[in-house]
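Each remark here refers to the structure printed beneath this line.
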Amino acid sequence: MLLDWLVPPLCIACRHATCARRGDPLCAPCRTTLPWLGPRVCPRCAQPRPCGRCPAARHAFARAWAPLGYAGPVPAVVNALKERGALGLAGLMAAQLVATAPPDLWPAPDDGGAALVPVPGDPWRRRRRGIDHTARLARALAPRTGLPVAPILARSARRPRQAGRRRAQRLRADPADVQVRTGRGGPDGPVGVAVLVDDVHTTGATLHACALALKDSGVRRVVAVTYARALA
Ligand SMILES: [Zn+2]
Ligand SMILES: [Zn+2]
């Protein structure tokens, strides 16, 4: 594109003007520092083994997985998707997720109503940004996994009392705030196996709240897939 020639694209992590190849949001040096977690991760909490007292032991999702640690250039990638909805980024993230996922992670599309379920964002933040980034990521995963997207979760829009609370606590969903939208199943009927899709797995509290709501509504099994895992 003429624009790329006139204004070279910037690497979204280090902002160097000259290093980003067209269509690749990260420059070559940043790409080499991506913190891939590899296969030695706990299947419950997605942290590198050993995870000690597994933080997911009491969580309602059966399994969690993420390809990357939330470190190095990863926060910049997540932020670009979240704040700007950077074009092409959801596709790149989905491609990385699918290329590195354990072979048994994705349920078969005909496995009793398996579907990708985006974790609903904080309605106040979404209203401000106008970008539903987890839905965007789920839609990019759909053709790559063969699973339909079922946006059946919602978070209540009542403004939480936030004074004095840490940012991470404010953004965390309370189980009472997550609802399953009745009458909204996958394209072929009710969801039986849900693959929750989110950008970052931090404490697991939001994923747990979503999994609880799904299981209360009759979903048999919940798997949590995120682009990155915050490391303890
Ligand atoms: Zn860079
Ligand atoms: Zn664990």
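Numbering-wise (the working numbering), the sequence shown opens with residue -15 and increments by one.
Just so you know, even glycine gets a beta-carbon here, dropped at the ideal spot from N, CA and C.
Please read all numbers here as calculations on a predicted model, not as lab measurements.
Can you say whether residue i is buried or exposed, counting buried as having 16 or more other CB atoms within 10 angstroms of its CB?
i             : result
tryptophan 49 : buried
aspartate 88  : exposed
histidine 139 : According to the sequence displayed, residue 139 carries arginine and not histidine. Its Cβ being crowded by 16 or more others within 10 Å, arginine 139 is buried.
arginine 213  : buried
aspartate 161 : buried
leucine 215   : exposed
alanine 12    : exposed
What do you reckon, are the CB atoms on residue i and residue j nearer than 7 Å?
i             : j             : result
alanine 78    : alanine 124   : yes
valine 62     : leucine 121   : no
glycine 130   : proline 93    : yes
valine 207    : valine 179    : yes
arginine 42   : proline 27    : no
isoleucine -4 : alanine 64    : yes
lysine 66     : histidine 117 : yes
arginine 24   : arginine 15   : no
alanine 44    : alanine 99    : no
Name, in chain order, the residues that DSSP records as bridge partners for residue i.
i           : result
proline 104 : Beta-bridge pairing links proline 104 to no other residue.
valine 25   : Pro32
valine 90   : The residue you asked about is not valine; residue 90 is tryptophan in the sequence shown. In DSSP, tryptophan 90 forms no bridge with anything.
valine 206  : Ala178
alanine 48  : Ala208
arginine 82 : Correcting the residue identity first, residue 82 is valine in this sequence and not arginine. None; valine 82 has no bridge partner.
glycine 56  : Paired residues: none, contrary to the question.
Under the three-state reduction of DSSP, which class applies to residue i: helix, strand or coil?
i            : result
alanine 98   : strand
leucine 18   : coil
cysteine 194 : helix
glycine 75   : helix
cysteine -2  : coil
histidine 43 : coil
arginine 165 : coil
arginine 120 : helix
arginine 37  : coil
Measure the C-alpha to C-alpha separation of residue i and residue j and round it to an integer number of angstroms.
i           : j             : result
alanine 197 : threonine 187 : 17 Å
glycine 202 : leucine 81    : 27 Å
valine 101  : glycine 22    : 24 Å
proline 19  : arginine 128  : 23 Å
proline 104 : threonine 17  : 30 Å
glycine 173 : glycine 69    : 30 Å
glycine 36  : alanine 189   : 18 Å
alanine 85  : proline 39    : 21 Å
- Mind listing which residues have their beta carbon within less than 6 Å of any non-hydrogen atom of ligand 4? Chain order is fine. The model depicted lacks ligand 4 and carries ligand 1 and ligand 2 instead.
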